[in-house]
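Presented below is the structure to which this report refers.
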């Protein structure tokens, strides 16, 4: 937290003998990403504020502002001084509290401390934000260019980021890791979902019909779970929002027909997962997002 | 733990003076902590500029350069091609007459061996800071040199905890983008700051501006301009000829992204008409400075929660008196389109950040004076640097 102490000085104001001025202090800290002086690229419609800070009336002419939340923006300090039956008001101007980006080693230390030890997650932070919670040179929160209000190191987008995640990089990374774990659960469950799907049953049925036409016995087709590698890759795709409703993998087909590796007993067969080519991913989002994350440099 | 202190002396309505002792513990507020840190105003930063030696003065073409035949070109002709230079090193060549992208290449292919502009580690990978950003052209004579001056680095990522990267000023001959010269600029913090900004100086050389120093008109001077009522936190974003586009907050009424035109000759400030909402903050200056264009945006609710700020397709063109002189509704730029530039031919050029462009004719020509700005970074690929040339 910044340490800011305000001092009120009365110049040319006569203080009657025997009277002590009383000071009433208050401060606000607000951020509006669309309006000067805190305007930042893609920050339109994004705002935050620190709860108003006040001090009880007292005789102290100095006040250390009691920040309770990690926030930034425009700091405005107000003081009312009452002395000798009259009041005097003062307001500060032009004090901005901006962010500072952490070093990669600090991010690494923190990710390790919360169990976020996967290299792909760290690479994802780099690809998402260039390892910047705040956008230079003004160092206001770094919002995403897609207008969705994704912010910070992990570009937290959905659910909408909290003010803590906007201003506190550790909370941002923590939310990013929570999202990663959530998407990992989805990815882990996805193969079972596909196995139960009408589409997969239809593919298996069509496959066995074709075998039957060739006077071959039907096979029981299994679809494996993701490998650890596939699980991470599908998780990353989920983190990016499953653009166009697509996972990283789909059931492999050839000419519209299920691709099956037949076991030695010719009664069991195994279907496969294949990566969805970028060309089949549509225009929404980054079709090669996972490849981009994987090619990013770890830290 | 180091400590940094800054003081801000505050004027009061009465004779009560507030003195703020701002103490930020650098260690606690930066490298490893959660907290933002107090920032002094830009005007408090001490300017120290670095002169770049041994560069060809702008406007003087060496023998190897192809010089335009002045008699064959009117000033508008110098602006036939717009090169959009992206931070990832990609350059798109746009023919403004045909209104289409006619070529695209990566500067790594044209910046020597080893390449002075880092190649992408894989197509689409995002660098840690801008790899290439052209120096803003200031006038037609700079455009006529058929040169592009690009601040560039050969380093794709920062290394470890080192926040600095080395940058060079590269001179390219157009239209082939043939590397003519490379001058080392030194190391620059790109974690909490941006790559260096280079401008031509009055002696025909180049200087690196220190962080926070403007080569355009300085905001502080605006205080004395006429018609600055209700203006607070003015910030110059672009300038052309003798006009600066200024964004500011209004001290009264609804909080809107206000903008105005500052005439640097008459020291008069003109407010642009209010935007319809607090989202439409994208205002760009037209060449010559007599017009400005605002893109109207809205918030679309998302099924998954939150909202998306997106363009409506509406554009409002303001004249020198600040009034709306024309409104355009272009479905083609509704959605996520970003302004590249307003061109002297009277086109507003937009990119979707994926190499596609849209062109909106604004119904009038502007003056052949390029628009300069202070932006040095564009990692999202939504506001590329612009270089004009007749070829």
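Protein chains in written order, with our numbering: chain A, 7 to 305; chain B, 226 to 616. Just so it is clear, CB atoms sit at the ideal spot from N, CA and C, and this is done for glycine as well. Given the structure is predicted, the values throughout are model-derived calculations rather than measurements.
Checklist entry - Taking the C-alpha atoms as reference points, what is the distance between residue 314/B and residue 531/B? => result The straight-line gap from Cα to Cα measures roughly 33 Å.
Next on the checklist: My assumption, with CB atoms under 8 Å, is that residue 308/B sits in contact with residue 377/B. Please give the rounded CB distance.
Outcome noted: Taking a contact as a CB-CB distance under 8 Å, the pair residue 308/B and residue 377/B does not count as one, their CB atoms being some 14 Å apart.
Next on the checklist: Against residue 179/A, what residues of chain B qualify as contacts under a CB-to-CB distance less than 7 Å, listed in chain order?
Outcome noted: Residues of chain B whose Cβ lies closer than 7 Å to the Cβ of residue 179/A do not exist, since the nearest Cβ in that chain is about 11 Å away.
Next on the checklist: Give me, in chain order, the residues of the same chain whose beta-carbon lies closer than 6 Å to that of residue 596/B; leave out the 5 immediate sequence neighbours on both sides.
Outcome noted: These residues qualify, in order along the chain: 463, 465, 510, 512.
Next on the checklist: Checking 8 Å against the spacing of the C-beta atoms, do residue 321/B and residue 570/B come in under that value?
Outcome noted: A contact, by the Cβ cut-off of 8 Å.
Checklist entry - What do you get for residue 182/A, buried or exposed, if any count of 16 or more other CB atoms within 10 angstroms of its CB means buried? => result So residue 182/A ends up on the buried side.
Next on the checklist: If you reduce the DSSP assignment to three classes, tell me which class residue 197/A lands in.
Outcome noted: Here DSSP, grouped into helix, strand and coil, assigns residue 197/A to helix.
Next on the checklist: Below 8 Å on C-beta distance, what does residue 354/B contact in chain A?
Outcome noted: Correct list: 136.
Item to check | For residue 517/B, the residue or residues it bridges with in DSSP | outcome: DSSP lists 510/B, 543/B as partners of residue 517/B.
Checklist entry - Between which two residues does the alpha helix (DSSP H) containing residue 220/A stretch? => result Careful: residue 220/A lies outside any alpha helix (DSSP H) and carries neither H nor E.
Item to check | Contact belief for residue 614/B with residue 368/B at Cβ below 8 Å, rounded distance in angstroms | outcome: The beta-carbon distance between residue 614/B and residue 368/B, rounded to whole angstroms, is 7 Å. This is short enough to meet the 8 Å contact definition.
Checklist entry - Beta carbon of residue 474/B, beta carbon of residue 42/A: below 8 Å? => result It is a contact, given that the beta carbons lie within the stated cut-off.
Item to check | Reference residue 70/A; option with closest CA among 99/A, 7/A, 122/A, 52/A | outcome: Among 99/A, 7/A, 122/A, 52/A, the Cα nearest to that of residue 70/A belongs to 7/A.
Checklist entry - For residue 455/B, which option in 405/B, 472/B, 552/B, 318/B has the closest C-alpha, if you only look at C-alpha atoms? => result Of the candidates 405/B, 472/B, 552/B, 318/B, 472/B places its Cα closest to the Cα of residue 455/B.
Checklist entry - Residue range of the alpha helix (DSSP H) that residue 304/B falls in? => result Careful: residue 304/B lies outside any alpha helix (DSSP H) and carries neither H nor E.
Next on the checklist: For residue 254/B, count the other beta carbons within 10 Å of its own beta carbon; 16 or more makes it buried, fewer makes it exposed. Which is it?
Outcome noted: Low per-residue confidence applies at residue 254/B: pLDDT is 39, beneath 50, and the placement is therefore not dependable, though the value from the model is reported in the following sentence. By the neighbour-count rule (16 or more Cβ atoms within 10 Å), residue 254/B is buried.
Item to check | Beta-carbon contacts of residue 67/A that lie in its chain and below 7 Å, excluding the five residues immediately before and after | outcome: Excluding its 5 nearest sequence neighbours in each direction, residue 67/A has C-beta neighbours in its own chain below 7 Å: 13, 14, 29, listed in chain order.
Next on the checklist: On the CB-based measure, 16 or more other CB atoms within 10 Å of its CB, does residue 507/B come out buried or exposed?
Outcome noted: Result: buried.
Item to check | Limits of the beta strand (DSSP E) - the one that residue 258/A falls within | outcome: Unbroken run through residue 258/A: none, as it is neither H nor E.
Item to check | Simplified DSSP assignment, three categories, for residue 552/B | outcome: Secondary structure of residue 552/B (DSSP, three-state): strand.
Checklist entry - Which residues, in chain order, does the stretch 559–587 of chain B contribute to contact with chain A at a C-beta distance below 7 Å? => result Cβ contacts with chain A come from 561, 578.
Item to check | For residue 382/B, three-class secondary structure by DSSP | outcome: Coil, per DSSP.
Checklist entry - Using a beta-carbon distance below 8 Å, is residue 85/A in contact with chain D? => result Among the protein chains of the structure shown, namely A and B, there is no chain D.
Checklist entry - Name the chain B residues that come within less than 8 Å of residue 161/A, Cβ to Cβ? => result What residue 161/A touches in chain B, judged by beta-carbon distance under 8 Å, is nothing: the nearest beta carbon there is about 11 Å away.
Next on the checklist: Using the three-state DSSP reduction, which class does residue 278/A fall into: helix, strand or coil?
Outcome noted: In this structure, residue 278/A counts as coil in the three-state DSSP scheme.
Checklist entry - Where are the alpha helix (DSSP H) runs, 4 residues long or more, that stay fully inside the stretch 375–441 of chain B, in chain order? => result Correct list: empty.
Checklist entry - In terms of residues, what are the limits of the alpha helix (DSSP H) holding residue 115/A? => result Note, residue 115/A: alpha helix (DSSP H), 110–119.
Item to check | Neighbourhood of residue 157/A by C-beta, 6 Å cutoff - its chain only, sequence neighbours within 5 removed | outcome: Excluding the 5 residues flanking it on each side, residue 157/A has same chain C-beta neighbours closer than 6 Å at 147, 149, 167, 172, in chain order.
Checklist entry - In chain order, what residues of the same chain lie with their CB nearer than 8 Å to the CB of residue 503/B, ignoring the 5 residues before and after it? => result 479, 480, 481, 482, listed in sequence order.
Checklist entry - Where does residue 51/A sit, in a helix, a strand or coil, going by DSSP? => result DSSP, read as helix, strand or coil, puts residue 51/A in coil.
Item to check | 8 Å Cβ cut-off: residues of chain B touching residue 28/A | outcome: In chain order: nothing, as chain B lies at least about 13 Å away.
Checklist entry - Of all the alpha helix (DSSP H) runs that stay within the bounds of the stretch 123–157 of chain A, which reach a length of 4 or more residues? => result The stretch 123–157 of chain A contains these whole alpha helix (DSSP H) runs: 125–135.
Checklist entry - Leaving out the 5 sequence neighbours to the left and right, which residues in its chain are closer than 8 Å to residue 279/B when beta-carbon positions are compared? => result Only weak support exists for where residue 279/B lies, its pLDDT of 46 falling under 50; the coordinates are left without a value.
Checklist entry - Listing by chain order, which chain A residues have their CB less than 9 Å from the CB of residue 524/B? => result In chain order: 50, 51, 153.
Next on the checklist: Using 8 Å as the cut-off, can you tell me whether the stretch 380–396 of chain B makes contact with the stretch 335–355 of chain B, which would need three or more C-beta pairs spanning the two stretches below that distance?
Outcome noted: Taking a cut-off of 8 Å for Cβ pairs, the stretch 380–396 of chain B and the stretch 335–355 of chain B touch, as three or more such pairs fall below it.
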